[in-house]
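Beneath this line is the structure, given in structure tokens, with notes to follow.
Numbering (mature numbering (1 follows the signal peptide of the UniProt record, and there is no 0)), first residue to last: -23 to -1, 1 to 121.
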């Protein structure tokens, strides 16, 4: 008899915990873009902190905003509901999805001595680009 009472109590606790979790998940789905579901506060939906965003509703965290530094310039500022968009500074052009890299521009008839891509950085580390040369010039080599 003691064993069956234990089984009933264990089952009841599992069901109650499942219902509590499900009700929290249901509340989180009501959180709009620009907020996140904060389980540590009585207010379930909290606004994204500065320099972060959530583009969809029901998220448990906000994403860190993209930083446009170095050879990148800001095309569109980050908001609570959308990430920043970057473009390349003058003398460079975008490559990759969402301008994920910048490549140095060369004058007509010139080519890069080495492919030098500048990637968006979350840190301040920058790379130097390679110089352009005419194809018939000697391979000088540029070192990164």
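We treat Cβ as the ideally placed atom computed from N, Cα and C, and that holds for glycine.
All figures in this text were calculated on a predicted structure; none of them were measured in a lab.
In the structure shown, what three-state DSSP assignment does residue i receive?
i	result
residue 22	strand
residue 5	helix
residue 88	strand
What does the alpha-carbon distance come out to for the pair residue i and residue j?
i	j	result
residue 89	residue 81	8 Å
residue 34	residue 76	26 Å
residue 1	residue 42	With a pLDDT of 48 at residue 1, under the threshold of 50, the modelled position of this residue cannot be trusted; read the value that follows with caution. Answer to the nearest angstrom: the Cα atoms are 27 Å apart.
residue 31	residue 86	45 Å
residue 39	residue 52	21 Å
residue -2	residue 6	Confidence is the limiting factor: at residue -2 the pLDDT is only 46, short of 50, which leaves the residue's position unreliable and the question unanswerable from this model.
residue 122	residue 79	As shown, the chain starts at -23 and ends at 121. That puts residue 122 outside it, with no answer to give.
residue 16	residue 24	13 Å
Which residue marks the beginning of the beta strand (DSSP E) containing residue i, and which one marks its end?
i	result
residue 81	78 to 81
With a 10 Å radius around its C-beta and 16 neighbouring C-beta atoms as the bar for buried, classify residue i as buried or exposed.
i	result
residue 47	buried
residue 11	buried
Pick out the complete beta strand (DSSP E) segments inside the segment 20 to 73, 3 residues or longer, and give them in chain order. 22 to 24, 49 to 53, 62 to 65 and 69 to 72
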